[in-house]
Amino acid sequence: MTNYCITVKFHFDLLAPIYEILIPPVFPQEMLTLLGDLKGKKILEVGGGTGRLAQYLLKYSDEVWIMDPSLPMLYKAKKANRELKLIHGYAEKQPFPDEFFDLIIAVDSLHHWDHHEKGIQEVYRVLKSRGIFFIGEIHPKDKAGHFIVQMEKTLLMRSRFFMPSELLKILKENNFSIVDIGWLKKPTYFVKAVK
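Every position in the sequence shown, counted from 1, becomes a number in the numbering used here once 7 is added.
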């Protein structure tokens, strides 16, 4: 584990007790429209934290996993819903067999990954053929997005925010095809890619 991973884990270990208060919820209804029918799909949320999104997705799919480097965050997720499958781990080294998931989601987590390209390669590996990779990220040039970038910089989180064009380039270089791109709700944009 690199110093960066330790730093990010430390921040989220500290934030776990108050995360739900400090961080606004994601946009599950908008995402559900973009994701389509989830029935029978095996879903992984990378960096799923306290499980707010995963709990919502569990209403539409029988098998939802959360992988997160912070044990306190996973503890909160388990306390909130015991049906969630929890894995302590990192995007760059996923403890799953090849072609295991139908859908992998990374909302507000990619910019915290230590090695983005390695993490994306791991997503590709554990995703089934024709599986979907759905990313929600802060747009660093949006006014509110710029504030978030500066705030995380001040907190020494060492986050790496991507412009949409940069993210599309990395995904294409790692064999993903882009299905859709747009706004979830500013400052968060989404990219939907397929293996």
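Using N, Cα and C, we set each Cβ at its ideal position, and we do this for glycine too.
Practice task
Check whether the Cβ atoms of I142 and V198 sit closer than 8 Å, and answer yes or no.
Solution key: The residue labelled residue 142 in the question sits at position 135 within the sequence shown. The residue labelled residue 198 in the question sits at position 191 within the sequence shown. In contact: I142 and V198 (Cβ atoms closer than 8 Å).
Exercise for the section: State yes or no: is the C-beta of I155 within less than 8 Å of the C-beta of P194? Expected result: Here residue 155 refers to the residue found at position 148 when the sequence shown is read from its first residue. Here residue 194 refers to the residue found at position 187 when the sequence shown is read from its first residue. For the 8 Å CB-CB criterion, I155 and P194 form a contact.
Practice task
Would you list the residues sitting across from W72 in a DSSP beta bridge?
Solution key: What you label residue 72 is simply residue 65 of the sequence shown in a count that begins at 1. As computed with DSSP, W72 is found in a beta bridge with L51, K92.
Problem - Cut-off 6 Å between Cβ atoms - residues of its own chain near H146, not counting five sequence neighbours on either side - result: Taking the sequence shown and counting its residues from 1, the one referred to as residue 146 is at position 139. So the qualifying residues of the chain are G152, P194, Y196.
Handout entry: Whole runs of the beta strand (DSSP E) within the region 96-143, excluding any shorter than 3 residues
Key = DSSP runs (the beta strand (DSSP E)) wholly in the region 96-143: 108-114.
Handout entry: Contact belief for G55 with A87 at Cβ below 8 Å, rounded distance in angstroms
Key = For the purposes of this step, residue 55 is taken as residue 48 along the sequence shown, with counting starting at 1. For the purposes of this step, residue 87 is taken as residue 80 along the sequence shown, with counting starting at 1. In fact, because the Cβ distance is near 11 Å, the residues do not count as touching under 8 Å.
Problem - Extent of the continuous beta strand (DSSP E) run through G189 - result: Position 182 of the sequence shown, counted from the start, is the residue given in the question as residue 189. The continuous beta strand (DSSP E) containing G189 extends over residues 184-192.
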